[in-house]
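Residues 5 to 576 (the numbering used here) make up the sequence shown, in order. Read through the structure below, which is laid out as structure tokens, and then see the notes.
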Amino acid sequence: MGSILLISENDENFSAYKSIFDNKNYNFNSCCNTTSIYDLIEIAPIDVVIIDDRLENLNLLLTIKKIKSKIENVQILLLTNGNHIEDDISKYVNGYILDNFSTDLIVSIVDTHLKDKEKADVLSAKNKELADSLYRLNVLYGTSSQFAGTLDTKKLLSYMIEGLDKSLSFDLTCTISFGFENEPVLIINSLYDISEELMSALKLRAILNYKSLFENNQAPFEIDDKNLKIIKNIKNPNNKFTFTIFQYDNMFAPIDLGDNFFGCIEIFKEHPFTTDDATYFQTIVSQVSLPLKSAGLYKEIIKKNEELEKLERIKSEFISIVSHELRTPLTPIKNALSILASGRCGELSENASKFIDMAKRNVENLTNIINDILDINKIEAGKMDFNYKSMNIHTVIENVKNNFDCVAKEHNITFTAIEEEKLPNIYADSQRLGQVLTNLVSNAIKFTPEGKSVTIKSELKNASDISANQYFEDELKTLNGNYIIVSVEDEGIGIKEENLLKAFDKFTQIENSLSRKVGGTGLGLPIAKQLIKAHKGTIWCDSEENKGSKFHFALPVSTDTIEGKTIQKELI
């Protein structure tokens, strides 16, 4: 049955239309002034309005507009004699009834527009449902994005509550969480304030709900009303909820992910929840579980990192103290042995000289070991000092060559240097580069059998022309421009291909009989790598077991010549 309103100042129209629709089971009303019109609209919904275009006491166009604005999808039929209809009015009416229309035609027209109203209402409802669904999907998407953007447990729970509020417009939520405090927490998010008595009841209800999840199993956390801390977030503190809140519709869900339990949540709403509401509730609660797990793992990682950093500091301090304490007595021991070896304390027998020389070598080895440990400690702590200046690599190569000539001869090893002429300068610390080259040459001689050779080479190359095996390709890809390449090649024991990267690890020596025989700290190459890195260069190696090794390092050319002047480029 449709609801029809006639607006006319003509008493004959009232009588005629009342007789038509009263006998047809319609809900018919009529009026002739503004007050009556809006009173009727407020009392009951109107489907079809028949309005006379010959009103004298009402503004026809304004009245039609107001009715349209107050009643969704209302059908406006203009009662007219058909002589003249203004265009402005035609825009807002849905149909016409002429004075000379028969009763059957009038009923047919009204029925048609009642059906149009019904269809429009159905379409509006579907559009509203669609709009609600799109809105909720946007809320879910936004909430998911917020979840993905943080590892803070407190924020994750806040985003969950915010998402539930936007999609469900709840009155009250009670969330038990074990995530961001050292004790279990009951988080209350409420539209209105809560009395102490109601808070106690909510607290007890939350505890019982939590324990109900583990009736036959051990609960992951033991909680009671004494150790459950409360955090309240009240939107409107001027009003208060009463115990009638327990008569509201409610939903409850655990916040978990497999074996990982993070808490539980109960939500209250005065109006009943729909099936869609339940779906959105479960979706948002389940969505927060994975980032909560990630947040927990992140906290554990942070804690472990802090512990490791503390241990690293303790280790560095210990190494520094022990190394200095060891090096302090070595200096007088070394000086005493030198004095004894010189004969200033009396003539030494051949055996005595042999033992003193042995002691001097071991003191020197121990000093080198301590220096290596101190150097790697300084590098890792960022406390290594560098004295950069424009220099030529030839000077470093020549010094290292002179220092190891005698050592190579003692081991019956051919030691040569092949250098490209007129290499450009580099901006570097000559002492640290000497330390790198010394480590490489020392290793080469140490692991090369008698009768074989060790060679130092230097050359200028563009980054695009530098190649290496697959293990070091990524490091070489970062190079750009011209570089001085220094290589130390030997015919020693070599390194297995799978062990090439291990060569630059701290305290690592590639296992074989010769490496065990010669010993050492395994810090020479890691130190060399860090020192070259500090010069914006890179170091790598090529080797084949039992056929020798080639260690290379690249240093960027740091000077350009413009009109005969050398321009220095600072790298660090």
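Ideal Cβ positions, reconstructed from N, Cα and C, are used throughout, including at glycine.
| Asked | Found |
| --- | --- |
| Need the endpoints of the alpha helix (DSSP H) that ALA282 sits in, please. | 279–291 |
| Runs of 4 residues minimum, wholly inside the stretch 367–433: which ones carry the alpha helix (DSSP H) assignment? | 397–414 |
| On a Cα-Cα basis, can you pick out the residue from ILE41, SER12, SER7 that is closest to PHE32? | SER7 |
| Could you please give the first and the last residue of the uninterrupted beta strand (DSSP E) stretch that includes GLN150? | Careful: GLN150 lies outside any beta strand (DSSP E), inside the alpha helix (DSSP H) at 107–152. |
| Just the C-alpha distance for ASP175 and MET164, rounded to the nearest angstrom, thanks. | 15 Å |
| Run the CB neighbour count on LYS521, radius 10 Å, all protein chains shown included, and call it buried at 16 or more, exposed below. | Residue placement at LYS521 is poorly supported in this model, since its pLDDT is 47, which falls under 50; the coordinates still yield a value, given next. So LYS521 counts as exposed. |
| Tell me the DSSP secondary structure of VAL458 in three-state form. | strand |
| Please state if the CB of GLY498 and the CB of ASN550 are separated by a distance shorter than 8 Å. | yes |
| When DSSP builds the beta bridges, which residues end up paired with PHE247? | Paired residue(s): none; PHE247 is not in a bridge. |
| Which of the three DSSP states, helix, strand or coil, is assigned to GLY552? | strand |
| Are there 16 or more other CB atoms within 10 angstroms of the CB of ARG348, so buried, or fewer, so exposed? | exposed |
| On the CB-based measure, 16 or more other CB atoms within 10 Å of its CB, does ALA299 come out buried or exposed? | buried |
| According to DSSP, what are the bridge partners of SER34? | LEU10 |
| Going by DSSP, what residues sit across from TYR100 in a beta bridge? | LEU82 |
| State the start and end residues of the unbroken beta strand (DSSP E) segment that holds LEU59. | That residue, LEU59, is in no beta strand (DSSP E); it is neither H nor E in DSSP. |
| Looking only at C-alpha atoms, which of LYS130, VAL52, SER562 sits nearest to GLY393? | Before going on, a small fix: residue 393 reads as Lys here, not Gly. With distances taken between Cα atoms, LYS393 lies closest to SER562. |
| Express the C-alpha separation of ALA135 and CYS35 in angstroms, rounding to a whole number. | 37 Å |
| Find out if the Cβ-Cβ distance for the pair LEU441, ILE488 is shorter than 8 Å. | no |
| I'd like the span of the alpha helix (DSSP H) that includes ASN29, first residue to last. | Run containing ASN29: none; DSSP gives neither H nor E here. |
| Is there contact here, the stretch 253–266 with the stretch 287–298, by at least three beta-carbon pairs under 8 Å? | yes |
| Using a beta-carbon distance below 8 Å, is ARG331 in contact with chain D? | The question asks about chain D, but that chain is absent: this structure has only one protein chain. |
| Using the three-state DSSP reduction, which class does ASP494 fall into: helix, strand or coil? | strand |
| Compute the beta-carbon to beta-carbon distance between LEU81 and ILE113, rounded to the nearest angstrom, for a pair I have assumed lies under 8 Å. | 7 Å |
| Can you say whether GLU515 is buried or exposed, counting buried as having 16 or more other CB atoms within 10 angstroms of its CB? | Low per-residue confidence applies at GLU515: pLDDT is 47, beneath 50, and the placement is therefore not dependable enough to give any value. |
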